[in-house]
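Peer 1: Protein chains in written order, with the working numbering: chain A, 1 to 209; chain F, 1 to 209; chain B, 1 to 209; chain Y, 1 to 209.
We put the CB at the ideal spot given by N, CA and C, even for glycine.
None of the values given here were measured: they were computed from a predicted structure.
Protein chains: 4
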Amino acid sequence: MPETVIPAAPTRRGRPRSQQSERAILAAASELLEEQGFAQFTIEEVSSRAKVGKATIYRRWPTKGTLAFDAFQAQFARQPLPDTGSLRGDLLAALRSWIRAVKGTSTGRTLRGLIAEVQRDPELADVWRDRFVQPVRTRNRTMFDRAVARGEIAADADAEVALDLLYGAGYHRLLQSHLPLSDRFATTVVDLMVSGLGAGEPGGGSSGA
Amino acid sequence: MPETVIPAAPTRRGRPRSQQSERAILAAASELLEEQGFAQFTIEEVSSRAKVGKATIYRRWPTKGTLAFDAFQAQFARQPLPDTGSLRGDLLAALRSWIRAVKGTSTGRTLRGLIAEVQRDPELADVWRDRFVQPVRTRNRTMFDRAVARGEIAADADAEVALDLLYGAGYHRLLQSHLPLSDRFATTVVDLMVSGLGAGEPGGGSSGA
Amino acid sequence: MPETVIPAAPTRRGRPRSQQSERAILAAASELLEEQGFAQFTIEEVSSRAKVGKATIYRRWPTKGTLAFDAFQAQFARQPLPDTGSLRGDLLAALRSWIRAVKGTSTGRTLRGLIAEVQRDPELADVWRDRFVQPVRTRNRTMFDRAVARGEIAADADAEVALDLLYGAGYHRLLQSHLPLSDRFATTVVDLMVSGLGAGEPGGGSSGA
Amino acid sequence: MPETVIPAAPTRRGRPRSQQSERAILAAASELLEEQGFAQFTIEEVSSRAKVGKATIYRRWPTKGTLAFDAFQAQFARQPLPDTGSLRGDLLAALRSWIRAVKGTSTGRTLRGLIAEVQRDPELADVWRDRFVQPVRTRNRTMFDRAVARGEIAADADAEVALDLLYGAGYHRLLQSHLPLSDRFATTVVDLMVSGLGAGEPGGGSSGA
DNA sequence: GATTAAGCGAGACGGTACGTCAAGTCTTGTT
DNA sequence: AACAAGACTTGACGTACCGTCTCGCTTAATC
Numbered sequence: 001m002p003e004t005v006i007p008a009a010p011t012r013r014g015r016p017r018s019q020q021s022e023r024a025i026l027a028a029a030s031e032l033l034e035e036q037g038f039a040q041f042t043i044e045e046v047s048s049r050a051k052v053g054k055a056t057i058y059r060r061w062p063t064k065g066t067l068a069f070d071a072f073q074a075q076f077a078r079q080p081l082p083d084t085g086s087l088r089g090d091l092l093a094a095l096r097s098w099i100r101a102v103k104g105t106s107t108g109r110t111l112r113g114l115i116a117e118v119q120r121d122p123e124l125a126d127v128w129r130d131r132f133v134q135p136v137r138t139r140n141r142t143m144f145d146r147a148v149a150r151g152e153i154a155a156d157a158d159a160e161v162a163l164d165l166l167y168g169a170g171y172h173r174l175l176q177s178h179l180p181l182s183d184r185f186a187t188t189v190v191d192l193m194v195s196g197l198g199a200g201e202p203g204g205g206s207s208g209a
Numbered sequence: 001m002p003e004t005v006i007p008a009a010p011t012r013r014g015r016p017r018s019q020q021s022e023r024a025i026l027a028a029a030s031e032l033l034e035e036q037g038f039a040q041f042t043i044e045e046v047s048s049r050a051k052v053g054k055a056t057i058y059r060r061w062p063t064k065g066t067l068a069f070d071a072f073q074a075q076f077a078r079q080p081l082p083d084t085g086s087l088r089g090d091l092l093a094a095l096r097s098w099i100r101a102v103k104g105t106s107t108g109r110t111l112r113g114l115i116a117e118v119q120r121d122p123e124l125a126d127v128w129r130d131r132f133v134q135p136v137r138t139r140n141r142t143m144f145d146r147a148v149a150r151g152e153i154a155a156d157a158d159a160e161v162a163l164d165l166l167y168g169a170g171y172h173r174l175l176q177s178h179l180p181l182s183d184r185f186a187t188t189v190v191d192l193m194v195s196g197l198g199a200g201e202p203g204g205g206s207s208g209a
Numbered sequence: 001m002p003e004t005v006i007p008a009a010p011t012r013r014g015r016p017r018s019q020q021s022e023r024a025i026l027a028a029a030s031e032l033l034e035e036q037g038f039a040q041f042t043i044e045e046v047s048s049r050a051k052v053g054k055a056t057i058y059r060r061w062p063t064k065g066t067l068a069f070d071a072f073q074a075q076f077a078r079q080p081l082p083d084t085g086s087l088r089g090d091l092l093a094a095l096r097s098w099i100r101a102v103k104g105t106s107t108g109r110t111l112r113g114l115i116a117e118v119q120r121d122p123e124l125a126d127v128w129r130d131r132f133v134q135p136v137r138t139r140n141r142t143m144f145d146r147a148v149a150r151g152e153i154a155a156d157a158d159a160e161v162a163l164d165l166l167y168g169a170g171y172h173r174l175l176q177s178h179l180p181l182s183d184r185f186a187t188t189v190v191d192l193m194v195s196g197l198g199a200g201e202p203g204g205g206s207s208g209a
Numbered sequence: 001m002p003e004t005v006i007p008a009a010p011t012r013r014g015r016p017r018s019q020q021s022e023r024a025i026l027a028a029a030s031e032l033l034e035e036q037g038f039a040q041f042t043i044e045e046v047s048s049r050a051k052v053g054k055a056t057i058y059r060r061w062p063t064k065g066t067l068a069f070d071a072f073q074a075q076f077a078r079q080p081l082p083d084t085g086s087l088r089g090d091l092l093a094a095l096r097s098w099i100r101a102v103k104g105t106s107t108g109r110t111l112r113g114l115i116a117e118v119q120r121d122p123e124l125a126d127v128w129r130d131r132f133v134q135p136v137r138t139r140n141r142t143m144f145d146r147a148v149a150r151g152e153i154a155a156d157a158d159a160e161v162a163l164d165l166l167y168g169a170g171y172h173r174l175l176q177s178h179l180p181l182s183d184r185f186a187t188t189v190v191d192l193m194v195s196g197l198g199a200g201e202p203g204g205g206s207s208g209a
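1. Helix, strand or coil: which one does DSSP assign to E45(Y)?
2. In three-state terms, what does DSSP make of L166(B)?
3. Note down, in chain order, every chain Y residue with its Cβ under 9 Å from the Cβ of Q134(B).
4. Does the CB of F185(B) have a neighbour CB from chain Y at under 8 Å?
5. Could you check which residue in S47(Y), I153(Y), E22(Y) has the C-alpha nearest to that of T4(Y)?
6. Taking just the CA atoms, how far does A8(A) sit from P16(A)?
7. Would you please verify whether the beta carbon of A209(B) is less than 8 Å from any beta carbon of chain Y?
8. Leaving aside the five residues before and after A50(B) along the sequence, list all residues of the same chain whose C-beta is less than 6 Å from its C-beta, in chain order.
9. Out of curiosity, what's the CA-to-CA distance linking R141(A) and E160(A)?
10. Is it right to say K54(A) is buried, meaning 16 or more other beta carbons lie within 10 angstroms of its own, or is it exposed?
11. Are H178(F) and Q134(A) close, meaning C-beta to C-beta below 8 Å?
12. Given that Y167(F) touches chain A, what residues does it touch there, using C-beta distances under 7 Å?
13. Which chain A residues are close to R139(F), counting only those with a beta carbon under 7 Å from its beta carbon?
14. Under DSSP, the alpha helix (DSSP H) around I153(F) begins and ends at which residues?
15. For E160(A), return the contacting residues in chain F, with the cut-off set at a CB-CB distance below 7 Å.
16. Is there a C-beta anywhere in chain B that falls below 8 Å from the one on D164(Y)?
17. With distances taken from CA atoms, which of A162(Y), L111(Y), I57(Y), F185(Y) is nearest A74(Y)?
18. DSSP state of R12(B), grouped into three classes?
19. So, using beta-carbon positions, are V127(F) and F69(F) closer together than 8 Å?
20. Roughly how many whole angstroms lie between the Cα atoms of P80(F) and L197(F)?
21. Against chain F, does I115(A) count as a neighbour if the rule is that its beta carbon must be under 8 Å from one of theirs?
22. Indicate whether A169(A) and G168(F) have their beta-carbon atoms separated by less than 8 Å.
23. In chain order, what residues of the same chain lie with their CB nearer than 6 Å to the CB of K64(A), ignoring the 5 residues before and after it?
24. Quick one: which chain A residues come within Cβ less than 7 Å of T188(F)?
25. Could you list which residues in chain B have their beta carbon closer than 8 Å to that of L175(Y), in chain order?
26. To the nearest angstrom, how far is it from the Cα of E152(F) to the Cα of D83(A)?
27. Should R184(A) be labelled buried (16 or more other beta-carbon atoms within 10 Å of its own) or exposed?
28. Comparing the C-beta of R112(A) with each C-beta of chain F, is any distance below 8 Å?
29. Since I believe A162(A) is in contact with G193(A) (beta carbons under 8 Å), could you give me their beta-carbon distance rounded to a whole number of angstroms?
30. Just by C-beta distance, which residues in the stretch 20-42 of chain F are closer than 9 Å to chain A?
31. Does the stretch 103-120 of chain Y come into contact with the stretch 115-122 of chain B, if we say contact requires no fewer than three beta-carbon pairs (one atom in each stretch) closer than 8 Å?
32. If L165(A) and L165(F) are in contact, beta carbons under 8 Å, what's the gap, nearest whole angstrom?
33. Would you mind sorting T138(A) into buried or exposed? The rule is 16 or more other CB atoms within 10 Å of its CB.
34. State the Cα-Cα distance for the pair I57(B) and S47(B), rounded to the nearest angstrom.
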């Protein structure tokens, strides 16, 4: 998997792209994101801080979203996958770790800005899905694989939907700010996922899980 | 609760605000949102379509996000609260109804745009939380109240977190586009919420807070 | 005749154009032309010096050439039409006055830059012809009218061509820099125009047309 | 005198300059000038059409003006010096031939563009003066030498100023477009130069030619 | 009925950032 | 060394919207 979004130069001929410029751009972009957030993040300012022409940026990144994404990747350090011995413990550790990374941090602020940008920049949307969302999900599915191996959950349990519940709830609170990303929230989310609301019998729809 | 975001005029003296202009603005805004989406939604264009001065818009709405919000409210017709006799049925109906409203529709596109805007416009964020998120949640809590009354779930079940799981999963797929908002997705979400993954005993993680 | 190139606002409605901005733009433009010449004359710099948005300039002047022209008009003070009592004296005074105005001066430098710009900017070419070249020529024709009245030259003498010889020679040396605009040059030009090379009879080319 | 502006290579070591590249560059440049005029004439486009690196162009020509000049030289075929037997006939033939070459032709358009460029590119100004203006003038002075030999004009007649009148008038109309380069214009210019306006006596300045 | 205060459409205002273009220079691997 | 290719920095371009600010003109409520 490539390190960044940067597309390869169309041919092998000609002067190679300067890795030094590249580093300067990413450094300036990260710094700017950290200091000011996505709202004040402009190509112009990055270009000026990195002492690089705007064209040098546009040669590498098609939109400012994709540049911000690359700068964000360095910042959002990959969190170690928890392995507590139980699914419940793993899920709780994962959600808590995510909350710690995003709640009240510049990372969280950037994350919100990027998800906003994803909604308007289709180029970024592709990158975001393929280079951020999917890898994270793939990693996280291991928690469910292990639970199946341990016999904790059925082999056909839908890990995809489970992940949507776990992180969906988190992103929901992050993006809508209706309620805080508290520790109690994390526990309750995981408890609910593991045990359910326990409303199997009375009404009863098609109860097949 | 007022129909729109519009603040009251400071006094009663002078020429009253034209309700006709107001209607023209909202109509133009809705039309523009529907046609072009939030990305091309500019105050300039609304002003030009509505044949209204820009100041007339800014007198009523502080930011373009709040105007878009009001235009969106008309579009996003309030969905009837389902009452199927079981929590599972209610949740499934609610989620399916939401998916029908947003999947592949201009409403869904606008919804994505608005949530994006909420991340950068604090004025809109307040309006969004108080006039959209909270009302919808309040309405939806009824489903859990009824389930408690029916004895389906415990009285102290956390409806807030349950709603975060239900809609959080939906918004997650809407905003990240990693997987489709299929009917199967809806069923699985609800099944999981109701029955859980069923991994209570074997592993038994740190079950405290 | 209007003072400047500036086109009228399309309608009478809306906020009127600020005459103060206009003055600031023209002042900054003149200053810049004088200091740096046409080569460094940029809309960006004018906008920055005049503390005016670029759009405010573009609203009035379609191209940078037309703005430079207006700034130049103030600088290139209309020279008083000489009246020495003889055509020879008038022509000599006029040419010397022109040389004094352009030789080694910032006006001369700007004049060269503007004529260069005229070759590439059709908008400016029209303005230049109608608002600079023609008025100057009209004024200068008076010298020939007076000479006819005095009986110095024939009534059907071609004043247009005479002006082309007089100023054409001057502009030629200004633009090609092959020889200096000396005082001797002025005298010789006028003598030649008045007396001719005196090669009427011996050779006798095709004297028709 | 060298054919082009191209400076000699610094040493004789290493790979010799490709004459093929040189031809390709000049061909592409001429073609581009002819098709699009000086305004759209860019080194980038020449380089792309000639399939030649930009450095290969800059190795030979210091600025785009000098390249355009060389491309123009081929186009602007040297006109044969007229020899009609009289000064009047020679001057008329020369001016008409020039008019034929530049009026409404791509050569004329390029000529205007080059003179414009001369005003801003000092490198080109030198080349222009030494390799275009002076040679043409030297050639044209022969017409006056012959006239002196024939006894048509005085031996001390100022041929330089005479050339400034002849071509100055032509360039004036070419560059200012205030009046057409008609055949009648040519005749009148020459008549005036040969016979003068005939205003020797009444006013009378220092009438020494 | 006159006054007065605010709203009205229109559009200009100072700004900011956009994405593009071409200039002339530099850096590869290849010839 | 020169070559083709295509990177580089620089700097200006002309455009688009932002949110604010005049204009001359309604339009009511208050005096």
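Peer 2: Reading it off the structure:
1. Here the question's residue 45(Y) lines up with position 45 in the fourth sequence. Three-state result, E45(Y): helix.
2. Reading the third sequence from its first residue, position 166 is the one you call residue 166(B). Reduced to three states, the DSSP call for L166(B) is helix.
3. Taking the third sequence and counting its residues from 1, the one referred to as residue 134(B) is at position 134. The contacting residues are H178.
4. Residue numbering aside, residue 185(B) sits at position 185 when the third sequence is read from its first letter. Interface residue, yes.
5. Here residue 4(Y) refers to the residue found at position 4 when the fourth sequence is read from its first residue. Of S47(Y), I153(Y), E22(Y), the residue nearest in Cα terms is E22(Y).
6. As a first step, residue 16(A) must be located in the first sequence, where it is residue number 16. As a first step, residue 8(A) must be located in the first sequence, where it is residue number 8. Near 10 Å, if we compare the C-alpha coordinates of A8(A) and P16(A).
7. In the third sequence, the residue the question calls residue 209(B) occupies position 209. In this predicted model, A209(B) has a pLDDT of only 36, less than 50, meaning its place in the structure is not dependable enough to derive any value.
8. Translated into positions along the third sequence, residue 50(B) becomes position 50. The residues are A24, I25, A28.
9. In the first sequence, residue 141(A) corresponds to position 141, counting from 1. In the first sequence, residue 160(A) corresponds to position 160, counting from 1. The straight-line gap from Cα to Cα measures roughly 8 Å.
10. Within the first sequence, the letter at position 54 stands for residue 54(A). With fewer than 16 Cβ atoms within 10 Å of its Cβ, K54(A) is classed as exposed.
11. On the second sequence, position 178 is the one that residue 178(F) refers to. On the first sequence, position 134 is the one that residue 134(A) refers to. Cβ distance < 8 Å, so H178(F) and Q134(A) count as in contact.
12. The residue you call residue 167(F) lines up with position 167 of the second sequence. Neighbours of Y167(F) on chain A, chain order: H172.
13. Position 139 of the second sequence, counting from 1, holds the residue named residue 139(F). Simply none; closest approach about 14 Å.
14. Against the second sequence, residue 153(F) aligns to sequence position 153. Careful: I153(F) lies outside any alpha helix (DSSP H) and carries neither H nor E.
15. Translated into the one-based positions of the first sequence, residue 160(A) becomes position 160. Per Cβ cutoff of 7 Å: L179.
16. Sequence index remark: in the fourth sequence, residue 164(Y) carries index 164 (1-based). D164(Y) counts as touching chain B.
17. Numbered from 1 along the fourth sequence, position 74 holds the residue referred to as residue 74(Y). The shortest Cα separation from A74(Y) among A162(Y), L111(Y), I57(Y), F185(Y) belongs to L111(Y).
18. On the third sequence, residue 12(B) is found 12 positions in, with the first residue counted as 1. The answer is coil: DSSP assigns R12(B) none of H, G, I, E or B.
19. Taking the first residue of the second sequence as position 1, residue 127(F) is located at position 127. Taking the first residue of the second sequence as position 1, residue 69(F) is located at position 69. Taking 8 Å as the Cβ cut-off, V127(F) and F69(F) qualify as a contacting pair.
20. On the second sequence, residue 80(F) is found 80 positions in, with the first residue counted as 1. On the second sequence, residue 197(F) is found 197 positions in, with the first residue counted as 1. Their Cα atoms are separated by approximately 30 Å.
21. Position 115 of the first sequence holds residue 115(A). It does; some Cβ of chain F falls within 8 Å.
22. Mapped onto the first sequence, residue 169(A) falls at position 169. Mapped onto the second sequence, residue 168(F) falls at position 168. For A169(A) and G168(F), yes; Cβs fall inside 8 Å.
23. Along the first sequence, one-based indexing puts residue 64(A) at 64. The residues are I43.
24. Position 188 of the second sequence holds residue 188(F). Correct list: D158, V161.
25. Locating residue 175(Y) in the fourth sequence gives position 175, where the first residue counts as 1. Within 8 Å Cβ-Cβ: I115, V118, Q119, Y171, L175.
26. Counting from 1 along the second sequence, the entry for residue 152(F) is found at position 152. Counting from 1 along the first sequence, the entry for residue 83(A) is found at position 83. Whole-angstrom Cα-Cα distance: 34 Å.
27. Your numbering for residue 184(A) matches position 184 in the first sequence. So R184(A) ends up on the exposed side.
28. Locating residue 112(A) in the first sequence gives position 112, counting from the first residue. So, interface residue.
29. By 1-based counting over the first sequence, the position of residue 193(A) is 193. By 1-based counting over the first sequence, the position of residue 162(A) is 162. It is worth fixing the name first, because residue 193(A) is Met in this sequence and not Gly. Contact flag correct, Cβ pair sits at about 6 Å.
30. G37, F38, A39
31. yes
32. Within the first sequence, the letter at position 165 stands for residue 165(A). Within the second sequence, the letter at position 165 stands for residue 165(F). 5 Å between Cβ atoms; contact.
33. Taking the first sequence and counting its residues from 1, one reaches residue 138(A) at position 138. So T138(A) counts as exposed.
34. The residue given as residue 57(B) occupies position 57 in the third sequence. The residue given as residue 47(B) occupies position 47 in the third sequence. Taking the straight line from one Cα to the other gives about 7 Å.
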